[in-house]
Amino acid sequence: MKRSWLIASLLLIFLSQATADNGYRLWLRYDRIADEATRGAYATLLRSYCIQGNSKTFEVIRKEFELGLPSLLAQPVGYTASATEASLVIGIATDPALNGYEELKALINTIDNEGFVIFSVKNATPGKIVIAGKTDIGALYGAFHFLKLLQTNQKITNLSLSSSPKIKIRILNHWDNLDRTVERGYAGASIWDWHKLPDYIDTRYHDYARANASIGINATVLTNVNANALVLTPMYLEKVKALADVFRPYGIKVYLTARFSAPVEIGGLKTADPVDADVQAWWKNKAREIYTYIPDFGGFVVKANSEGQPGPQNYGRTHADGANLLADALLPYGGVVMWRAFVYDNKVPDDRTKQAYNEFKPLDGKFKSNVIIQVKNGPLDFQPREPFHPLFGGLTKTNIMPEFQITQEYLGFSTHLAYLAPLFKECLEADTYVKGKGSTVANVIGGEIFKNQVTAFAGVANIGSDFNWTGHHFGQANWYAFGRLAWDHQLTSEAIADEWIRMTFSNDATCIDAMKSMMLRSREMLVNYMTPLGLHHIMGYNHHYGPGPWVAGKARQDWTSVYYHRADSLGVGFDRTASGSNALEQYHPEVRKQFASAKVCPEEYLLWFHHLPWDYQMKSGKTLWDDLCFRYYKAVGEVSKMEDTWQRIKGKVDEDRFNHVAAFLSIQRKEAELWRDACVLYFQSFSRKPIPPGLPKPARSLEYYMKLSFPYAPGIKPEW
Ligand code: GCW
574 MKRSWLIASL LLIFLSQATA DNGYRLWLRY DRIADEATRG AYATLLRSYC IQGNSKTFEV
634 IRKEFELGLP SLLAQPVGYT ASATEASLVI GIATDPALNG YEELKALINT IDNEGFVIFS
694 VKNATPGKIV IAGKTDIGAL YGAFHFLKLL QTNQKITNLS LSSSPKIKIR ILNHWDNLDR
754 TVERGYAGAS IWDWHKLPDY IDTRYHDYAR ANASIGINAT VLTNVNANAL VLTPMYLEKV
814 KALADVFRPY GIKVYLTARF SAPVEIGGLK TADPVDADVQ AWWKNKAREI YTYIPDFGGF
874 VVKANSEGQP GPQNYGRTHA DGANLLADAL LPYGGVVMWR AFVYDNKVPD DRTKQAYNEF
934 KPLDGKFKSN VIIQVKNGPL DFQPREPFHP LFGGLTKTNI MPEFQITQEY LGFSTHLAYL
994 APLFKECLEA DTYVKGKGST VANVIGGEIF KNQVTAFAGV ANIGSDFNWT GHHFGQANWY
1054 AFGRLAWDHQ LTSEAIADEW IRMTFSNDAT CIDAMKSMML RSREMLVNYM TPLGLHHIMG
1114 YNHHYGPGPW VAGKARQDWT SVYYHRADSL GVGFDRTASG SNALEQYHPE VRKQFASAKV
1174 CPEEYLLWFH HLPWDYQMKS GKTLWDDLCF RYYKAVGEVS KMEDTWQRIK GKVDEDRFNH
1234 VAAFLSIQRK EAELWRDACV LYFQSFSRKP IPPGLPKPAR SLEYYMKLSF PYAPGIKPEW
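So the sequence shown is numbered by the numbering used here: it starts at 574 and just counts up by one.
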């Protein structure tokens, strides 16, 4: 007996040393709860559990409890088939075993089909907790929520809570190609191993689904919007089916990107014109075929007539003609078309930020009920800061959804710590005023304002095959925050950070404080060392890595930096007021008022909307030039502070992840310095003013920075 104990302990020690903490478990770690009193209290309460239901989803729940409960509590938690005996019961509300609870009757009507309730049964000694949904998927969300309560050391006595998602389709967009490259992906290859599918099912697919279900994500687009029609051929549909089968018990539906020219490319037709009867029949047949493989297929996401993708305009038709063509094909099966509004053309002689609105506003009301227009959070392209897109509130008779970018194409790739919940929320909380004050983007997309048929919320995934999924350990927080906000946009950035830190790193107060302070400031800091005061799109050409304010003279003007910052000897910034491109006109008059004059315009948006002289006086009393310099320098200082904060919690975080993050922070500092020095020198070549006293001069010349080249920067579009 003693000997076997010794062997077991040695094995444990060996295993714990051999398996470096690589972050693979994300926020679903289920390590033993460190605080003994909390753990003890949970253990007294949770002696056994009962799963009241039979389905693949209930099997998932059972596995999650088997994995989570004994591990968190560091003691066995028995399974019992008797709901009466169990101290934790989970099931569907209509199950007879849950019939007798008054508490359930009170709560159940407050939720929808994906919602859940969790309550403590009154007067049960020593305690009993019930988790229920109207469906098994609702119960699954409840199970994850309950595990989170334990992971984050919350009280589990006198529980009485209920929750339902505010948005129906909470969807990740993978920009993953069939060759496993990921456009704008910085966390390794695509997790979809197309070549080995459908026969080999990587356990990672299950873990991906678990992670998503744990934060309420219920849909995924497997393929890049720069689409490959092959994914719609039988060989690939077999593979897609295999993934859909894995995801189904987790409540996740699969979507695909549809290449508009597919009828020509894989269908052998001469045209993809949406009014052509053969084309219509082709899409109808294709939809029917897809549903034979995947009966709950979600639908299509389409990028059309943008950046070289084919679309209805190739045939002189409108976006509505194109979207409705696919919508008609999917309608009999309940599928949805997410049609992207990210369209612009360098041949159109107008401010690029105006073009989506100009294109789509006249089509408002012309889309079928199962079409939803997918709009990027801002009118340009996922910049560190943009005002909200004017199509929010602009489209009043059409379903509309936001698209956020979780992958950090313009925010330092995966090596910069930039917590994005504040960015997402900035857009969601912006007021469109379309139906008076309080018509926030969140209310528009949630259907509160126009009673939309379909509501959805998309994020471009930052997931890849790196051990830790997202490249940066803190990149996981952005995946997490996206899911949480899609479920409930009213959650604060701080609350989301708090629970993520507790689940992913530690419940230790010093750790939480340190990490939270880093996370909550990180996005603003990044804005300031990259694109302060409303500057935008001044990064390196095509790979978008590092600073490139000098990018000019390319085939497309709207892919150059000089087009956006418009610096000259007089000043800097893009005039989007009535004296300039008048993009401002696309917003409600109340919104216009906030930005129309430089005096009232919030400084974060100043150079987005105004071209101002270098000696323009800022609120700080400094000139614009000096203020710009101070922001760049201060932000770099903040990165150094972040490094110090991290060092202060050394020993409180496992060594592997600690060192990984420390190394990435130092990359971030170096790159922030690069941004600062390159941008300050570049803009100085126009302002002709000295760098303010007290700020050290950049170590190298502007020429040096301009000559840097990064031909193999990751995530680049293969064909560019
Ligand atoms: O931001 C740009 C990216 C492209 C991307 C495009 C889009 C998928 O640089 O790589 O293509 O946006 O959103 O369609």
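Quick reminder that beta carbons are idealized off the backbone N, C-alpha and C, glycines included.
Item                                                                                                             : Value
Backbone secondary structure at Glu-976 - three-state DSSP                                                       : strand
The ligand GCW heavy atom lying under 7 Å from the CB of Glu-756                                                 : yes
At least 3 beta-carbon pairs within less than 8 Å: the stretch 1129-1144 vs the stretch 1253-1261                : yes
Ordered list of alpha helix (DSSP H) runs contained in the stretch 969-1022, each at least 4 residues            : 994-1001 and 1014-1018
Exposed unless 16 or more other CB atoms sit within 10 angstroms - verdict on Ser-1079                           : buried
Same chain, Cβ closer than 6 Å to Ala-616, neighbours up to 5 away in sequence not counted                       : Leu-646 and Gln-648
Length at least 4, wholly inside the stretch 598-662: the alpha helix (DSSP H) runs in chain order               : 609-618 and 629-646
Euclidean distance between Cα positions of Ser-582 and Phe-870                                                   : For Ser-582, the pLDDT reaches just 47, beneath the cut-off of 50, and the residue's location in the model is therefore unreliable, although a value from the coordinates is still provided. When rounded, the distance between both Cα atoms is 48 Å.
Span separating the alpha-carbon of Gly-673 from that of Lys-695                                                 : 12 Å
CA-to-CA distance, Ala-800 to Glu-982, given in whole angstroms                                                  : 19 Å
Strand pairing of Leu-829, partner residues [DSSP]                                                               : Phe-873
Secondary structure of Gly-715, DSSP reduced to three states                                                     : helix
Residue environment, Lys-927, which counts as buried when at least 16 other CB atoms sit within 10 Å             : buried
Simplified DSSP state of Ala-1140, which is helix, strand or coil                                                : coil
Ala-705 - partner residues in DSSP beta bridges                                                                  : Gly-664 and Val-690
Local conformation of Gly-1032 per DSSP, three classes                                                           : strand
Cβ neighbours of Ala-1169 in the same chain (closer than 7 Å, five flanking residues each side left out)         : Thr-1150 and Leu-1157
Environment of Arg-1273 [buried if 16+ CB atoms lie within 10 Å]                                                 : exposed
For Trp-855, the first and last residue of its enclosing beta strand (DSSP E)                                    : No beta strand (DSSP E) holds Trp-855; the alpha helix (DSSP H) holding it covers 850-866.
DSSP-derived helix/strand/coil call for Leu-1238                                                                 : helix
Residue range of the unbroken beta strand (DSSP E) whose run includes Asn-746                                    : 742-746
Near the ligand GCW: Lys-876 beta-carbon under 7 Å from a heavy atom                                             : yes
Ala-1286 beta carbon less than 8 Å from that of Tyr-1118                                                         : yes
Residue from Leu-1001, Leu-968, Ser-736 and Trp-1042 whose Cα sits closest to the Cα of Val-1007                 : Leu-968
Simplified DSSP state of Phe-587, which is helix, strand or coil                                                 : With a pLDDT of only 44 at Phe-587, under the threshold of 50, the placement of this residue in the model should not be trusted; the figure read from the coordinates follows. Residue state, collapsed to three classes: helix.
Ile-606, buried or exposed, once every other Cβ within 10 Å from all chains shown has been counted against 16    : buried
Any non-hydrogen atom of the ligand GCW within 7 Å of Glu-959 CB                                                 : no
Residue-level contact to chain C via CB, Gly-1011, 8 Å cutoff                                                    : No chain C appears in the structure shown, which is made up of a single protein chain.
Which listed residue (Arg-620, Ala-1128 and Glu-811) has its alpha carbon closest to that of Leu-770             : Glu-811
Neighbourhood of Phe-1023 by C-beta, 8 Å cutoff - its chain only, sequence neighbours within 5 removed           : Thr-969, Lys-970 and Val-1017
Coarse secondary structure for Trp-578, derived from DSSP in three states                                        : Unreliable placement is indicated for Trp-578, whose pLDDT of 47 sits below 50; no coordinate value is reported for it.
Nearest residue (CA-CA) to Asp-1071, options Asn-797, Ser-628, Tyr-992 and Trp-1060                              : Tyr-992
Whether Ala-712 touches Ile-681 by CB criterion (8 Å)                                                            : no
Segment limits, alpha helix (DSSP H) that includes Gln-1049                                                      : 1048-1060
Residue from Asp-923, Tyr-773 and Thr-1104 whose Cα sits closest to the Cα of Arg-539                            : Because the chain is modelled from 574 through 1293, residue 539 falls outside the range shown and cannot be assessed.
Which listed residue (Gly-1107, Ala-1015, Val-1033 and Asp-1199) has its alpha carbon closest to that of Arg-757 : Val-1033
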